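K.L.:
The following block contains the structure, expressed as structure tokens.
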Amino acid sequence: MNVDELHIDDEIGAVGRILSDNEKKKGILIHALHTIQEDQGYLPEDVLRRLSNNLNIPLSDIYSVASFYKMFHFKPRGKKIVKVCLGTACYVRGSKHLLTTLENEFHVQNGETTEDLAMTLETVGCVGCCGLAPVSTINDEVTGEIIGDRRIEQFIQLIKNGSE
Amino acid sequence: MQSVGLNIYMAKLNNIDDLRNLRALLREASRTGKDTLKVCCGLPCSTLGSQAVARELETEAAKSGLEVEIVKTGCQGFCQRGPLLQVDPYGYFYQKVQPDKAKEIISLTCSSGLPVRDLSYRDTFLNTPKEFIRDIPFYAKQMKIALRNTGTIDPFSIHQYIAAGGYLAAEKMFSSMSPEQVLEEVKKANLRGRGGAGFPAGIKWAHTKRALGNIKMVIANGDEGDPGAFMDRSIMEGDPHSLLEGMLVCAYVIDAKYGFIYVRHEYPLAIKTLKTAIKQAEEIGLLGTNILGTGFDFTVQIREGAGAFVCGEATSLVASVEGNRGFPHARPPRVSEVGGGPWGYPANLNNVETFACVPPIIEKGADWFLSIGTQGSPGTKVFSLAGKVKHTGLVEVPMGITLREIIFDIGGGIIGNKQFKAVQTGGPSGGCIPEQYLDLPVDFDSLWKVGSIMGSGGMVVMDEDTCMVDIAKYFLSFTQAESCGKCPPCRVGTYQMLQILQRITSGEGKQGDIEELERLGHLVVAGSLCGLGKSAPNPVLTTIRYFRNEYEEHVHEKYCRANVCNIGFFMINQEECILCGLCKQACAFQAVRETRKGFFIDRDYCTKCKACYHVCPVNAVQILKKTYVRLEEELRLAPESLEFIERRRKMTLKDILESRPSEIVTITTDHTVSEAVIRMREKHVSGLFVVDEHNRLVGIFTERDIVRCVYDNISTAEKLENLIMRDIITFDPGTDVSTAISVASRKKIRHLPVVEDKTIVGMITFRDLVSYLLPEICFMADTMY
């Protein structure tokens, strides 16, 4: 999204009729942050500053909202974002073991990015794929039933090379 | 749909008759007798490659020249066996369909109507295949209301929804019912909120309707943050129009013009499906301004979350819709009152599944809905069955079904036929239900009574390999991380509880930790503002309640019976060991040492990382209790005698009762001797508990009393109250076996009633004592001679 050309009325939709200008601007903030992140991969400070100017919301308020939600990031992230699901079903079927294996394999901790910006390792509450537990996602592509050493090894290869 | 008359289908509906005509047209068009292949394209099946299957089926169908309709449906439920495929009109059900099977399906099923047997479901490899969907146990016990269209229609087609009876409720409502009548119907149906607490939707609607002001809103809560729950996702992805229709009904009742669906950002497919559905409904005139020419306006918009569990809580959700931090606020004002909803307008907030249940209630009437389920909780509930069960997936069952039916009949039992341990319901706010409540009929109230909640319907099954302390820690670390931080009891309390649990699971538990956890838990419940904090300690409190012995083992024995926590004493069993040396390779700390005789673990170096335990091919690396290891090493006792000592510790009446579970057979005082004899004969017992009308124990009636009756010539028609001994000796479950034996032989009694806090626990006879002691006698004889 180009933060310099915001279509506030389009974004807020029909409910905009009953809202004040400031309410409308605040109302699209989360959506705007999502689009910036989709575009840039994270929330760069200069873009947030411009957004703050255009929406007439203090930068501190924007940071207050952005830092509350887990999905927003302030640092550049890797090309591949690997999210290990730690939902109950996955946890019971051994996703913690998968997480530690990945941490050791790529020498990153949960939430960190490899130095070459190739991969970011994260965890997610639940991707709603509990039938296939344990699951992980690579850039939102779900891989299921990563159980047992063979499947874990395949998954590591999938992260490294893009194929099993 | 064919291109013929496409403009008729897409034309805006100007009145109710237009909708009726369209439905009639669509139904006529679908009555072609063509084979319909329904490919499940829900997220799990897509992950397993169902999109490729659908593509391949299309190519093969085109090649063969057969008239086949291929429908990409939402989740069909049996996720584990995906990709799934249903073939109508035959009713065939195929599982684990791979793209290379497409040709066979087209040539066998579509041209000659035969099933492809190697794709049919089998219980095990040796069973005959079950060709039809109705024969499969996973589906047989289900009953679909909220999921009535999920998995049978294409979610991207409003026409399929209308043809399947969609918007019938809207039709009925606009043509013949006033908002008050609709509200009465929903109230009468006693539809309880499917999001967790089970608050009746009708009362909530009435409350919002009464609120002051002209501008009201309807919000659907699709922020399904509970780990292990995916019901709302399936509805939003598989049948978005039923949600929209439910919201439309609600809007009509409370006269709302604006609707929001709050969806997690983690569900991109749901957002896409809903957006398409809203667009289609607006084009056709079922949403927007002047709906069906009635002058009623209602628009629906999607608001995305951004990964905050607390935003599933009503007041936080409102804050998030406004674009603020998702902090909850104190109630009142409630969301349904002025000042509580978004921008201060009153709003009615219900869960996605609740809305999906509304159209059938309006269509078929409240009485139909009341006839399903239990008295207090009518209808059905969708559960996402996951964890260590054979068949995981999405199930919808009538309320009142037992946990056993869900887990063992629908779920097919535990993987690897292991021992069931507990089932966790209600996500991080719920609790763990142990084996003794497996026959509990599931509804909102019964789960509440055993300390858990229905929640949004997550059901995670755990077996003997799951450590309950670890699970409690897992849930608490989830809620601790998700606590928004507004209320200190929740923010700090959960952190402190988590620290204690960390200590316990890493083997540093102290005396009093469990009590401290309980105390803190109650404080967090009392001192938190919103539902998250109020329920955050639930998993810990219920696991302590039902699995206290596991906590005690962790704290006192430094032992985890499921071998999940990294505690315990590691040992290599020399008899099992095959000297492969893998453990030595695996150990990063050189704690596995090699000697002339074999391998052993040096405990000074061992960090309990369990690398050796995982790598051993013959399970020779064992994790033992502290007492075991100490006795074996310091006292040089043989392993068999350790078993003896272990048994010695288990020598109370409670252990006897647990080793031999039996029914408690009671009889009231107003029965006669002959009735008592019949009861004893029927139940094969030699003694009965005699209770009064309040079920209080007043005495016992045994075979010896019968002898006395015969000897004293007492009629068999005599009432028991005149006969029984009243001052009987009762025993506490904690009584030592030796004490019990000495009391019993001194007092010359053969039946030992075990009573705890005035409740009857069980009856132990002298024979039970003897048979329990038999192994001990054998063992003593062995050592003596």
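Here the protein sequences line up with chains P and D, keeping their order.
Numbering follows the numbering used here, with no gaps: position 24 of the first sequence is 368.
Numbering follows the numbering used here, with no gaps: position 580 of the second sequence is 587.
Ideal Cβ placement from N, Cα and C applies to all residues, glycine included.
Predicted model, so just to flag it, every value in this text is computed and none were measured.
Name the residues in the stretch 258–286 of chain D whose C-beta lies less than 7 angstroms from a C-beta of chain P; which are they?
P.N.:
Here the close residues are 265, 272, 273, 274, 275.
K.L.:
Contact defined as beta carbons within less than 8 angstroms: I believe residue 323 of chain D pairs with residue 314 of chain D. What is the distance between those atoms, to the nearest angstrom?
P.N.:
Not confirmed; about 13 angstroms, so no contact.
K.L.:
Can you check whether the CB of residue 381 of chain D is closer than 8 angstroms to the CB of residue 459 of chain D?
P.N.:
For residue 459 of chain D and residue 381 of chain D, no; Cβs fall outside 8 angstroms.
K.L.:
I'd like to know if residue 363 of chain P contacts chain D, where contact means its C-beta is closer than 8 angstroms to some C-beta of that chain.
P.N.:
Judged by the 8 angstroms Cβ criterion, residue 363 of chain P is in contact with chain D.
K.L.:
Does the beta carbon of residue 424 of chain P come closer than 8 angstroms to any beta carbon on chain D?
P.N.:
Output row for residue 424 of chain P: interface = no.
K.L.:
In its own chain, which residues sit with a C-beta less than 8 angstroms from the C-beta of residue 510 of chain D, not counting the 5 before and 5 after it?
P.N.:
Around residue 510 of chain D: 516, 517, 520.
K.L.:
CB-CB under 8 angstroms to residue 716 of chain D, same chain, minus the five flanking residues each way: which ones, in chain order?
P.N.:
Excluding residues within five positions, the ones whose Cβ falls inside 8 angstroms are 680, 723, 725, 730.
K.L.:
Are the beta-carbon atoms belonging to residue 450 of chain P and residue 458 of chain P less than 8 angstroms from one another?
P.N.:
Yes, they are a contact pair.
K.L.:
Provide the residue span of the alpha helix (DSSP H) that contains residue 229 of chain D, from first to last.
P.N.:
Run containing residue 229 of chain D: none in the alpha helix (DSSP H); it sits in the beta strand (DSSP E), 224–229.
K.L.:
Could you round the C-beta distance between residue 152 of chain D and residue 367 of chain D to whole angstroms and report it? I think they count as a contact, below 8 angstroms.
P.N.:
About 6 angstroms; that satisfies the 8 angstroms criterion.
K.L.:
So, for residue 604 of chain D: in the same chain, excluding its five sequence neighbours on each side, which residues have a beta-carbon less than 8 angstroms away from its beta-carbon?
P.N.:
Counting only Cβ-Cβ distances below 8 angstroms, and skipping sequence neighbours, we find 581.
K.L.:
Would you verify that the beta carbon of residue 375 of chain P is, or is not, closer than 8 angstroms to some beta carbon of chain D?
P.N.:
Residue 375 of chain P counts as touching chain D.
K.L.:
Under a Cβ-count criterion, where at least 16 other Cβ atoms within 10 Å of its own Cβ denotes burial, should residue 614 of chain D be classed as buried or exposed?
P.N.:
Counting Cβ neighbours within 10 Å, residue 614 of chain D comes out exposed, since fewer than 16 surround it.
K.L.:
Could you give the residue range of the alpha helix (DSSP H) that holds residue 371 of chain P?
P.N.:
Taken as a continuous stretch (DSSP letters only), the alpha helix (DSSP H) holding residue 371 of chain P covers 365–371.
K.L.:
Closer than 7 angstroms, Cβ to any Cβ of chain P: which residues of the stretch 85–111 of chain D, in chain order?
P.N.:
Against chain P - using a Cβ distance shorter than 7 angstroms - the residues of the stretch 85–111 of chain D are 86, 87.
K.L.:
Does DSSP put residue 391 of chain P in a helix, a strand or coil?
P.N.:
Helix.
K.L.:
Would you list, in chain order, the members of the stretch 431–465 of chain P that have their beta-carbon closer than 9 angstroms to a beta-carbon of chain D?
P.N.:
Residues 431, 432, 433, 434, 435, 436, 437, 440, 441.
K.L.:
Near residue 606 of chain D, which residues of its chain fall below 8 angstroms by C-beta distance, leaving aside the five closest residues on each side in sequence?
P.N.:
Taken in chain order, the residues that qualify are 579, 584, 586, 588, 590, 591, 599, 600.
K.L.:
If you draw a straight line from the C-alpha of residue 709 of chain D to the C-alpha of residue 741 of chain D, how long is it?
P.N.:
Cα-Cα distance, rounded: 24 angstroms.
K.L.:
With DSSP collapsed to three states, give me the class of residue 347 of chain P.
P.N.:
Coil.
K.L.:
Applying the criterion that 16 or more other CB atoms from any shown protein chain within 10 Å of the CB defines a buried residue, is residue 181 of chain D buried or exposed?
P.N.:
Its Cβ being crowded by 16 or more others within 10 Å, residue 181 of chain D is buried.
K.L.:
How close, in whole Å, do the beta carbons of residue 369 of chain D and residue 225 of chain D come, if the pair is a contact with beta carbons under 8 angstroms?
P.N.:
Their Cβ separation, rounded to whole angstroms, is 15 angstroms, which puts residue 369 of chain D and residue 225 of chain D out of contact at 8 angstroms.
K.L.:
Starting from residue 332 of chain D, find everything on chain P with Cβ-Cβ shorter than 8 angstroms and list it in chain order.
P.N.:
The answer, in chain order, is 408, 409, 412.
K.L.:
Which of the residues in the stretch 303–324 of chain D, read from start to end, lie with their CB under 7 angstroms from any CB of chain C?
P.N.:
Although the question refers to chain C, the structure presented lacks it and instead comprises the protein chains P and D.
K.L.:
What residues from chain P crowd round residue 395 of chain D, counting only those whose CB sits closer than 8 angstroms?
P.N.:
Correct list: 436, 437.
K.L.:
On the three-state DSSP scale, how would you describe residue 758 of chain D?
P.N.:
If DSSP states are grouped into helix, strand and coil, residue 758 of chain D belongs with the strands.
K.L.:
Quick check: what's the CA-CA separation for residue 381 of chain P versus residue 164 of chain D?
P.N.:
Each residue's alpha carbon lies about 31 angstroms from the other.
K.L.:
Does the beta-carbon of residue 121 of chain D have 16 or more other beta-carbons within 10 angstroms, so that it is buried, or is it exposed?
P.N.:
By the 10 Å Cβ count, residue 121 of chain D comes out exposed.
K.L.:
Could you pull the start and end residues of the alpha helix (DSSP H) that residue 238 of chain D belongs to?
P.N.:
Its alpha helix (DSSP H) spans residues 238–245.
K.L.:
Given a cut-off of 8 angstroms, decide if residue 37 of chain D and residue 227 of chain D are closer than it, judged by their beta-carbon atoms.
P.N.:
No, these two residues do not count as a Cβ contact at 8 angstroms.
K.L.:
Below 8 angstroms, how does it come out for the stretch 400–412 of chain D and the stretch 208–216 of chain D: are there three or more Cβ pairs, yes or no?
P.N.:
No: fewer than three Cβ pairs fall under 8 angstroms.
K.L.:
In the DSSP assignment, the alpha helix (DSSP H) including residue 474 of chain P goes from what residue to what residue?
P.N.:
Element bounds for residue 474 of chain P: n/a, residue is neither H nor E.
K.L.:
Measure from the alpha carbon of residue 359 of chain P to the alpha carbon of each residue in D/74, D/84, D/266, D/16, then state which is nearest.
P.N.:
Cα-wise, what sits closest to residue 359 of chain P is D/266.
K.L.:
Should the stretch 458–478 of chain P be called in touch with the stretch 430–448 of chain P, which here means at least 3 C-beta pairs below 8 angstroms?
P.N.:
At 8 angstroms Cβ cutoff, the stretches touch.
K.L.:
Out of P/393, P/386, P/396, point me to the one whose CA is closest to residue 512 of chain P's CA.
P.N.:
Residue 512 of chain P lies beyond the stretch modelled for chain P, which goes from 345 to 508, so this question has no answer here.
K.L.:
Report yes or no: do three or more beta-carbon pairs, one from the stretch 468–486 of chain D and one from the stretch 434–444 of chain D, lie closer than 8 angstroms?
P.N.:
Yes, the stretch 468–486 of chain D touches the stretch 434–444 of chain D.
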